[in-house]
Amino acid sequence: MPLLLDGVGIAAGLTAAAGCVWTGRRLGRAHGRWLIWVAAALVAWTASQSAWVADGRDGQRPRRPSLADVGYLAMPVLALAALAATPTARARRPVNQPDLPPLPAGVPIAGGPGTSGGFGGSGGFGGSDRVRRPRAERTGDGVAGLVDRLLLACSVILVGWGLGVRPALAAAGTDGWSRAVAAVYPAGAVLLVVAALHATAFRRPPDRVRILAAAVGLFLIVASTSWLRGPTDAAAFPAVVGVVPIVGCAFVLLAVLRAAGGARIGTAGFVLPAAAHAAGPEHAAGHAHAMDFGHAARFGHAVGYGHAVSTRAGTGGVRGAGGGRAAGGGRGAGDGSERWGFLLVPTLVAGCATATVLAGLAGGHRLDGVEIGLAAVVVAGMVADRLVAARAGRRLAQRVHAAEREIHHRVFHDPLTELANRALFQHRLRGALTDRWRSGDDRSGGGIAILYCDLDDFSALNDSLGPAAGDHLLRTVAQRLRHCVRTTDLVARVGADEFAVLLAGGDESPEVVGERVLAALRHPMAVGGRPRSIRASVGLAVARRTHETGESLLRHAETAVHVAKCSGKNRLVTYRPGMASPEAGAHLADALATALRRGGRSAGFDVHYQPIVRLRDGHPVALEALARWTDPGRGPVPPGTFVAAAENGGMVGLLDDLVLTRACTEVALAYPAGSRLRLHVNVSASRITDTRLRDSVARVLAASRLDPRRLVVEVTETSRIADLSAAADVLSGVRDLGVAIALDDVGAGNTSLAVLHRLPVDVVKLDRTLIESPMDGSRVSNLRRSMIDVAHALGAVVVAEGIERESQLVELDRLGCELGQGFLFARPGPLSGLPAIGGGPGGGPGDGEDGYGSGGGEGGSQKW
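Be aware that the sequence shown starts at 528, since it is given in our numbering, and climbs by one per residue.
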């Protein structure tokens, strides 16, 4: 039986050695060299075991050195060389961490002493704290790593001395060879344990399980040899002595099979190098992943410009992004538990050493000098370990606090100019308004104002000179803005080229500060190698006495700066109530679309009417329907504003139909059948080429029961009529209903003689721009007289708009203008609020004429 076990052990050793050689050559020199050393150790052991078996294995130690002792003693040395040659993983960037360079030398650490929020100085980094490369980064793991290694080694040696070396020396003879053999064999096993723990716990191997399996196998073989060649009677347990090396070879084979399995993720989250080596050395380097083990935990956080600050509790070291990891990234839950397990290894081994010493004392053993010395070193190491841990904890707390201050600063400050950002500006603005309202200080609207500064044509300068020149310009602007205001005022960068200043209190008026800002920015500065002047548009918004929110005040300042840009740039504009930004059109169009879908008075729409009178006697003969809209969020919107929004948004048809329906219904009810009071309703020029216009007019007339001869459709020339033929056909269809056609805003819109000639026009309405100028022989007065003559020549009635003076009335009557409207007669208003108009049932002009000439169509044969 013993001979069979010895044969199986030798065969297992050769098999494991062959597997190590094959796998080591496959992995390459860098990752497989240690397996070649393992194979050499196994070969040495199998050779010695074969020599021992050949000598007959009588169970007695030889009295002189033999060939078996050479191999047995060489085996631990070769095993130590194998563990020393184990590969160390290189740091790999986690998947969720950006590819960033390490922090450059001299970059200040966040929130150091003497800094403000991690920074100091004007427009840049400041403070005296700088990142120093700690000794841990230059020499390995620093003091904590040395203490851990010393504690681990002394503890293992103490256990090995008490359980192996000392008993072997006690049982050995007095001759030197016996004592040397008794000490060397267990000492080799102890050194192998120390090397295995060091290789797996401190060297960050790519696959710790594989190396641990190989180390356990080698230790079992060395331990069996130590037992075989030691002073104890190994012949009493031949099965144990024969099975232990077989089990050791099995562990080595497991390590070989794990290494031969290809590129796999180890338990520590590392990529095994097989596939990486096959892909090439650059991929092997790129796919290696670092892992820190030892006493200290590691803290990583992305701060500043994204560099990962990795702090080892045992060393206080700082690593760049290459060696750090972002919080919460990259590794699984199993890795955390394994890391903590290895952090406890030195303490656990020290506990085992303490238990060994205490067990010996309990058994009556007196400590020798070696045990006393090793025990003293272990105790001193544990004390030093606790002191280093406490010091590292303090450093870690300081760095965490500094990182928090750095992050807090970066969240609320612009990294380029070091000014406050929009979030901090809004927070301070809300706080200032709240404090002012609570204190009840209402002087000058609360003494709070915002200067909103937008650099003019900055994008063109940035594109022509490059981003570096643009950044320099922005930093210079920030510095000049600081110098223009008090230290208690807040300057912020709220956009790419936009700055805001919060003025809270002070004796100077905000207008004076705004002019000083413009003057400071106009002063030339060196940009791109030559002096350049900066132009800016500045908007000023002052808090009113009413409770105003910070968002509304900032919005008012933005509106003012937009108005400043649209009115020529390089100026200061103060916000006034009712001021609208040119960019508000998009929001207005959305609100208008919603209101048109709802319709009716609930949506804010109403129709006002302005009388049209006969000039020779001032008698009202018609009403013009005018749309009015009150937006719930904006208040009354000027007609020109929402009509233009409807035109641009393609909603003018809905607006026209809404006004037409409302006006026809109201006038038909207020002035029923028998009245000759006419109704003018505007229709956009963009609709007169749409054949559906006739159907819309007919449908409204039928629903309201208004006499078609009383309706006048006014074509407002808000756009050029491209297809006059199609427009003439559509208007002729509308005219066939008995409706008259009027051409509005003649002289100011897109009117041409072709339009007057080709369209079936019954009424021509002269724009107010032709009415304002007096009859002095100017171009405008001559054009006015000519337009009236042309309209009469075409058989159309002339209506003058915008009459506000008696002199205008007299002159137009003298020129032959029949009708007119304007503030001289009446302002637009609701139908119920208009003065009494004698156009009720049976009323009307006494002579049976209303001042309109004859028109065509079914309704044109009568006298209007």
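From the three backbone atoms N, C-alpha and C, an ideal C-beta is built for every residue, glycine too.
Quick check on the burial criterion: 16 or more other C-beta atoms within 10 angstroms. Buried or exposed for residue i?
i	result
residue 840	Any reading at residue 840 must be qualified, since the residue scores a pLDDT of 35, below 50, and its modelled position is unreliable; the value itself is stated next. So residue 840 counts as buried.
residue 666	Caution applies to residue 666, whose pLDDT of 39 falls short of 50 and renders its modelled position unreliable; the value that the coordinates give is listed next. So residue 666 counts as exposed.
residue 1309	exposed
residue 976	buried
residue 815	Interpretation of residue 815 is limited by its pLDDT of 34, a score under 50 that renders its predicted location unreliable; the figure taken from the coordinates is listed afterwards. Under this definition residue 815 is a buried residue.
residue 1089	buried
residue 895	exposed
residue 1345	buried
residue 675	buried
residue 502	Only positions 528 to 1391 of the chain appear in the structure, and residue 502 is not among them; the question remains open.
residue 687	buried
residue 910	exposed
residue 751	buried
In whole angstroms, what is the alpha-carbon distance linking residue i and residue j?
i	j	result
residue 571	residue 881	35 Å
residue 772	residue 614	26 Å
residue 1226	residue 1243	21 Å
residue 1100	residue 1360	39 Å
residue 1135	residue 1239	16 Å
residue 1349	residue 1319	22 Å
residue 1040	residue 949	21 Å
residue 920	residue 877	22 Å
residue 780	residue 875	28 Å
residue 1044	residue 1015	16 Å
residue 989	residue 998	8 Å
residue 972	residue 1069	Here the model assigns residue 972 a pLDDT of 43, short of 50, so the residue's position is not dependable and the matter cannot be decided.
residue 1407	residue 537	Given a span of 528 to 1391 for the chain in the structure shown, any question on residue 1407 remains unanswerable.
residue 677	residue 908	7 Å
residue 1022	residue 1160	27 Å
residue 1327	residue 951	58 Å
residue 930	residue 922	12 Å
residue 1058	residue 1000	11 Å
residue 1286	residue 1085	46 Å
residue 745	residue 885	29 Å
residue 1122	residue 1131	7 Å
residue 578	residue 713	21 Å
residue 1180	residue 1154	13 Å
residue 1146	residue 1300	25 Å
residue 556	residue 548	11 Å
residue 1170	residue 1358	21 Å
Check whether the Cβ atoms of residue i and residue j lie closer than 9 Å to each other.
i	j	result
residue 717	residue 683	yes
residue 531	residue 561	no
residue 1280	residue 1291	no
residue 1187	residue 1223	yes
residue 1207	residue 1150	yes
residue 1091	residue 1126	no
residue 1293	residue 1261	no
residue 1237	residue 1205	yes
residue 543	residue 927	no
residue 1168	residue 1133	no
residue 606	residue 722	yes
residue 1194	residue 1241	no
Just grab the DSSP bridge partners of residue i for me.
i	result
residue 1157	1163
residue 1205	1149
residue 977	1029 and 1068
residue 1133	1155
residue 1268	1240
residue 982	1063
residue 1057	1054
residue 1096	Paired residue(s): none; residue 1096 is not in a bridge.
residue 1138	1150
Examine chain C for any beta-carbon lying closer than 9 Å to the beta-carbon of residue i, and answer yes or no.
i	result
residue 749	Of the protein chains in this structure there is only one, and it is not chain C.
Sufficient close CB pairs (3 or more, under 8 Å) joining the segment 674-683 to the segment 554-573 = no
key: Three-pair Cβ contact test at 8 Å for the segment 1035-1054 versus the segment 931-939   = no
ask   = Is the segment 1076-1086 in contact with the segment 1137-1149, if contact means three or more CB pairs nearer than 8 Å?
value = no
message = Does the contact criterion of 3 or more C-beta pairs under 8 Å hold for the segment 977-991 versus the segment 1028-1036?
response = yes
inquiry  = Any contact between the segment 1209-1226 and the segment 1251-1265? By contact I mean 3 or more CB pairs, one from each, below 8 Å.
reply    = yes
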